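Contents: one structure, followed by commentary.
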Amino acid sequence: MLKNSAINFTPVNNTFLEKYMPKARGEFVKVYLLMLKYSFSGEFGVSSSIIASNLNLLESDVMNALNYWHEEGVIKLIPIDKMGNFDIKFVDLSTDGEDLTSNVSLLEELNKNSTRDMLKDIEKLIGRPLSPKEIDSYLNWQNDFGFSSEMILILIEYCVSKGKSDARYIEKVALAWYDSGIKTFEAAQAYITKNEDKWIKIRKILTYLGIKNNEIMKPQEEIMEKWIFTYNFPIEVIQKACEICFERLNRADFKYIDGILNRWNKDGIKTLEDVSKKNNISRSTTIKGKQFGESKRNNLRFTDYEQREYDYSSLERKLLGWDDND
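Going by our numbering, the first residue of the sequence shown is number 24, and it counts up by one from there.
Written as structure tokens, this is what we have:
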């Protein structure tokens with residue numbers, strides 16, 4: 024008979040210690056080791072709050088660590104629902120997490136002139152050599168997403184134009200485009216044109232309000248998108264609403280401006296001429312209202328009948344008991 028005992032140690036692959044640990048942040052290593060311990064000890068699951076509490080970290084630090092190791096290919100985060108829960112699979116680092124069949128296909132792709140040209144153009148755009156993982160990702164986009172070489176190049180050029188050349192950001196944009204149905208070069212061009220046109224208009228509105236781009240939040244951006252694309256207001260009409268807001272409040276207030284534009288849209292006002300006409304009608308109504316009020320007050324005077332005439336001197340003498348014989 025053998026008596027089993029629980030394992031009181033956690034085995035760590037030497038590949039992790041030699042290749043991945045030296046370049047990682049200390050808190051990322053702590054998260055990986057604790058998660059590895061939970062995995063070997065047979066834990067069914069653990070929350071980010073428990074890990075954060077045990078390691079004296081923030082929950083955001085824990086999630087950043089897990090995303091980092093996922094990007095490095097050390098673990099795999101597999102979403103299991105829409106509540107932010109994941110299955111976590113630890114990759115076997117004895118083969119350095121690489122798939123031999125993938126290496127063969129990678130070598131085959133690198134032998135193609137079109138692939139080599141695309142990768143050279145990408146390196147020129149981002150200003151640095153590509154890692155094997157990045158090369159593998161770009162080639163997988165062609166197979167999994169159906170992205171052409173031109174599509175990948177314009178995507179990376181778009182990211183670089185925004186000052187973003189790191190692999191994580193580029194991958195997020197690629198996933199967002201795929202989820203939005205942007206899968207052709209023409210669709211990508213149309214999206215970029217629309218997005219740039221949107222920001223040109225938004226910058227004009229913000230400049231008129233004296234606000235910088237980095238000072239607005241997502242809800243404010245969505246409000247301005249509504250003015251521009253849903254209501255189709257020209258910039259000068261939006262600026263007119265901003266001007267009215269300043270005149271009345273002496274400050275910029277997005278909710279107040281939104282209220283003005285909501286009413287204008289409901290009333291079918293789309294141009295500055297429409298705004299001017301509405302103001303003229305309002306003034307005319309106000310003037311008529313004043314005239315009506317004055318005429319009403321005049322009519323309240325009892326002047327529509329023949330008034331009696333009195334001899335006030337005679338009335339005074341009678342009241343004092345005087346008469347003409349005294």
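Every residue, glycine too, gets a C-beta built ideally from N, C-alpha and C. What you are looking at is a predicted structure, and each value in this text was computed from that prediction instead of being measured.
For the pair of segments examined, the stretch 48-64 was found to touch the stretch 79-90: the number of CB pairs separated by less than 8 Å reaches three. Counting C-beta atoms within 10 angstroms of its own C-beta, M58 has 16 or more neighbours from the protein chains shown and is therefore classed as buried. Straight through space, the alpha carbons of Y279 and K224 are spaced by roughly 19 Å. With a cutoff of 9 Å on beta-carbon distance, K60 and T33 are scored as near each other. Boundaries of the alpha helix (DSSP H) around I223: 208-232. One Cα belongs to R139, the other to L153, and the distance between them is close to 12 Å. Boundaries of the beta strand (DSSP E) harbouring L100: 98-102, taken from the DSSP string.
In this structure, the straight-line span from the alpha carbon of V85 to that of Y214 is close to 34 Å.
The closest CA to that of M174, considering only R191, R286, K206, is found on K206.
Residue pairing of F109 in beta bridges, as defined by DSSP: P102. Its Cα nearest to that of S160, the residue V196 stands out among N136, K147, V196.
Nearest to I74 by C-alpha distance, out of R271, A88, F63, is A88.
With contacts defined as CB atoms closer than 9 Å, I149 and I111 fail to qualify as a contacting pair. Taking the Cβ atoms as the reference, V260 lies roughly 6 Å from L295, within the contact range of under 8 Å.
Burial state of L198 is exposed, judged by a 10 Å Cβ sphere holding fewer than 16 other Cβ atoms. Taking C-beta atoms as the reference points, K227 and E248 fail to come closer than 9 Å.
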